[in-house]
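Its first residue numbered 538, the sequence shown is counted upward by one per residue in the working numbering.
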Amino acid sequence: MKMTVGASDGELVRVALSGPVTQRELAPMAEPLQDLLGPSAYAKRVTLDLNDVSYLDSSGVGWLLACHKRMRQAGGKLVLHSYSPIVSNVLRVLKLERVLDLAENALAAEKTALLGSKA
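Below, the structure written as structure tokens:
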């Protein structure tokens, strides 16, 4: 799994994931999002672009849920968007739209992250 930070304007941080998001990829990293964004990572408003994620296993889902929970507790917000068909299927089967903030594209994700409503 590769994580890259895109444009950041102080209010919003844009992060893109690529490759598989699996136990094998996550195991060596204690806090991937915090390692990337710093100690205040969970207090930020973050959009997570999943367009280039090739596979998402149960550990990847668990990591996304843990990030979502930590961000809610710290006053931040995590919005997932632009997921590939394989990731979309995993999210749909697990009914994660009931728990996670999901958006169809980057623009809708930014609106949700900044305004707090589903776009």
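Note that beta-carbon positions come from the ideal geometry of N, C-alpha and C, so glycine has one too.
As the structure is a computational prediction, the values presented were derived from the model and not from experiment.
- Residue 600 is positioned such that its CB atom lies no closer than 8 Å to that of residue 574.
- Contact check for residue 578 against residue 570 passes: the beta carbons are separated by less than 8 Å.
- Under DSSP, residue 557 takes part in a beta bridge, and its partners are 592.
- The residue among 556, 593, 607 with its C-alpha nearest the C-alpha of residue 576 is 607.
- Considering only 643, 592, 624, 549, the residue with the shortest C-alpha distance to residue 561 is 592.
- By the Cβ-count criterion, residue 551 is buried, with 16 or more other Cβ atoms from all chains shown falling within 10 Å of its own Cβ.
- Under DSSP, residue 618 shares a beta bridge with 586, 640.
- Between residue 589 and residue 553, the CB-CB gap stays under 8 Å.
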